[in-house]
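In our numbering, the protein residues as written are 83 to 150.
Each residue gets a CB set at the ideal place from its N, CA and C atoms; glycine is no exception.
Because the structure is a prediction, the values reported are computed rather than measured.
As structure tokens, this is what we get:
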């Protein structure tokens, strides 16, 4: 089983990110557009955006750090 500190390159859909963070679609896209949560486009010119699981784990960890 992997933990948040390992390099996890699985690509998550925006739906999976929404579910993990408990945010709306527009809130997730605001995070992606601002660069606070990095995303990748798996195909050239494609509209689909995915988030590496490791980037999501890092983002969540940064939120937990901000709450201290």
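- Between the C-alpha atoms of residue 123 and residue 97 there is a straight-line separation of about 15 Å.
- Under DSSP, residue 114 shares a beta bridge with no residue.
- The Cβ atoms of residue 135 and residue 92 sit closer than 7 Å to each other.
- Only residues of its own chain outside the window of five on either side were considered, and among them 119, 120 have a CB closer than 7 Å to the CB of residue 137, listed in chain order.
- When rounded, the separation of the alpha-carbon atoms in residue 133 and residue 94 is 5 Å.
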